[in-house]
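Numbering (the UniProt record's numbering), first residue to last: 1 to 281.
The beta carbon of each residue, even a glycine, is placed where N, CA and C say it ideally should be.
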């Protein structure tokens, strides 16, 4: 049987957090002969990858030949915000079950995207299902070391300066490495209803009544929900002044929460599940 030509001119586009479209060129004589595609997908090494994300392994996909471009989709082997390399090989399945294969194409690199709104909506739904009983809170607070607050007083005009969110949390959260803000907590102790006395972030605490930040002039967005393999689940919400740069950023990327059904149904207090560590940007 005549040998197959090697695929070339690989193109990857329409990339999301868990899918991409791929196409390539091959000789006209192969178009009607090819019965299967082999796709070799490999994650590029990244020393800064999220250690709580599942381990990715080299993936070789076998697909029946379809008109190109074809969509490759699979959240079980594609991670968001991750660099991959891909190469393809075409094949003809013969009567004895063996494959006549082409050579491997050149390798093309691409990077998957962030979670889209629909993916975040799925995380939000999981959070709502797990939430259960709620505890009241009335203040947002931020713990840090003494030097942090001294610097804010002496060099920043008594302002807590926004900073870039790090890559903690879900690997595909659109806020990671993109959104500037100040993190606040609002968790309370079960027996007192007050913020916990101790914090791993430092002994000094700044706190503010919830209604000062959570009010009709702000929008509330769902940003992330994840587990750190402990008894607690972590949720991140974003409070953005309406019309601000942060509000415009979130509007295009994050689910907008209904204030009437949010964790803060009253201007003076809010509610959160005792099994959640809830953080507010």
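- prompt: What does a CB cutoff of less than 6 Å around residue 152 pick up in its chain, not counting 5 residues either side in sequence?
  reply: 160
query: Should the region 175-183 be regarded as contacting the region 87-100, the criterion being three or more beta carbon pairs within less than 8 Å?
result: no
field: N- and C-terminal bounds of the beta strand (DSSP E) containing residue 232
entry: Unbroken run through residue 232: none, as it is neither H nor E.
query: For residue 8, which beta-bridge partners are listed by DSSP?
result: 25
field: Paired residues, beta bridge with residue 43 - DSSP
entry: 84
- prompt: What span of residues does the beta strand (DSSP E) with residue 109 cover, start to end?
  reply: 108-111
query: For residue 192, which of 137, 20 and 70 has the nearest alpha-carbon?
result: 137
message: Quick check: the Cα distance between residue 12 and residue 73, rounded to an integer number of angstroms?
response: 13 Å
Three-state secondary structure (DSSP) of residue 198: coil
query: Roughly how many angstroms separate the alpha carbons of residue 26 and residue 77, rounded to a whole number?
result: 27 Å
message: Let's test the definition: count the other Cβ atoms within 10 Å of the Cβ of residue 122 and tell me whether it reaches 16, buried, or not, exposed.
response: exposed
message: So, at 6 Å on beta carbons, what are the nonlocal neighbours of residue 276 in its own chain, with the 5 sequence-adjacent residues on each side left out?
response: 233 and 235
- request: Taking residue 146 as the reference, give the member of 202, 32 and 85 with the closest Cα.
  value: 202
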